[in-house]
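The structure under discussion appears below in the form of structure tokens.
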Amino acid sequence: MKFPIPYSLGQIASIIQSEFIGHEDFKVLGMNEIHVVEAGDIVFVDHPKYYDKALSSKATTILINKKVACPVGKALLISDDPFRDFNKLTNFFKPFEKSLLPIAASAKIGKNTIIQPGCFIGNNVVIGDNCLIHANVSIYDNCIIGNHVTIHAGTVIGADAFYYKNRLEGFDKLISGGRVVIEDHVDIGALCTIDKGVTGDTTIQQGAKIDNQVQIGHDTVIGKKCLIASQAGIAGCVIVEDEVTLWGQVGVTSAITIGKKAVVLAQSGISKSLEGGKTYFGSPAEEAREKLKQLAHVKRIPEILKKIEK
């Protein structure tokens, strides 16, 4: 998330009422999660395990819960609760904006685009030309839809990230200030849910085809010409490279990469990154031929046990 104008370190510190280390006029350009930070961004960290990763990241301002040596060329915001203060900044720069109309006045709809009854199109949404948005689709604020996109009934684009901190009093939600970007010639089935990024974009790239009842988590990137079959569930911060096929009920854990032209067979569970150009099966997913051999061996166990008994 980039700020509308540059802010100074002092200004940011005053918003969250925190101490800071660095020049008061140090420029802050935006805020992002660790996997998408750029120079000028704020990143937050609240666990010693991740201090080094945050301090050595591309982020130039680190919101942290301990005074540490400040890296050269960077600044620190010292907070007793970085998670809480990151939420304060999201609310400051991207506050929730109420909409009173089914199609917000600030939404932009392209030529020859059809929007069926019962749809909700949020604030600042952009929908391109020659799209077909079927009944009861909800597209939340700030989402971008390209040209020649079809979205079937009941799909929700831009719901909040599933991201919580476990506190004694209950789960504390990390507020989502990002968006969903859907590129040209994408088809999305009925009753799909695509969550917006926490601070950046969840992206469905050109030509991807998504079946019914598919869940795609925050900040995930679905590459060009991917095929994703019904009831697949993809967690946040996943990179699915171009021309990947995920068959029905595949589950994907967070923050992994599935390589180009990989094929994952139905009901597989992906727990780690997969190389491209191969076919996978099982849970945890392995190369399909090897996994099928293992299953064949398992089937022989009763026969082997009988032989041992004799």
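Convert by adding 1050 to the 1-based position in the sequence shown; the result is the number in the numbering used here.
By construction, the Cβ of each residue, glycine as well, lies at the ideal position given by its N, Cα and C atoms.
Asked, Found
"Helix, strand or coil at K1259 according to DSSP, with G and I counted as helix", "strand"
"Residues near G1247 in its chain [Cβ-Cβ closer than 6 Å; skip 5 each side]", "G1228, H1268 and D1269"
"Enclosing beta strand (DSSP E) for Y1190 [first to last residue]", "Here Y1190 belongs to no beta strand (DSSP E), and DSSP marks it neither H nor E."
"Proximity below 8 Å, CB of S1226 to CB of I1207", "no"
"Cβ-based neighbour list, A1157, same chain, cut-off 6 Å, excluding 5 preceding and 5 following", "I1171 and V1175"
"H1073 burial status per 10 Å Cβ neighbour count (16 or more: buried)", "exposed"
"CB contact flag (E1361, G1309, <8 Å)", "Residue 1361 cannot be examined here, being either before or after the span of the chain that is shown, 1051 to 1360."
"Beta-carbon proximity list for A1075, same chain, < 6 Å, skipping 5 on both sides", "Per the sequence presented here, residue 1075 reads as Asp, with Ala not at that position. Answer for D1075: S1058, listed in chain order."
"Distance cut-off 7 Å: V1314 Cβ against heavy atoms of the ligand MN", "Of ligands this structure carries none, so the ligand MN is not represented either."
"As assigned by DSSP and simplified to three states, the class of P1132", "helix"
"Under 8 Å between C-beta atoms of W1297 and V1271", "no"
"Spatially closest choice to L1113 from V1093, S1106, G1123 and I1351, by CA coordinates", "V1093"
"Ranges of the beta strand (DSSP E) found wholly within the region 1070 to 1094, counting only runs of at least 3", "1077 to 1081"
"Contact belief for T1205 with C1242 at Cβ below 8 Å, rounded distance in angstroms", "4 Å"
"Straight-line gap, L1324 to A1209 (C-alpha atoms, nearest Å)", "28 Å"
"Residue interval of the alpha helix (DSSP H) (run including V1206)", "Note, V1206: premise wrong, no alpha helix (DSSP H); beta strand (DSSP E) at V1206 to A1209."
"Residue from V1086, S1333, D1096 and N1115 with nearest C-alpha to S1107", "V1086"
"Integer Cβ distance of F1142 from I1065, believed to fall under 8 Å", "5 Å"
"Short Cβ contact (8 Å threshold) for A1346 with G1286", "no"
"Contact under 8 Å by Cβ, I1195 with I1232", "yes"
"Nearest residue (CA-CA) to I1320, options K1311, F1331 and C1193", "F1331"
"Start and end residues, alpha helix (DSSP H) containing R1339", "A1338 to K1349"
"Beta-carbon proximity check, A1279 vs V1294, cutoff 8 Å", "no"
"R1134 versus P1334: straight-line alpha-carbon distance, rounded", "35 Å"
"Length of the line joining the Cα atoms of K1360 and K1341", "30 Å"
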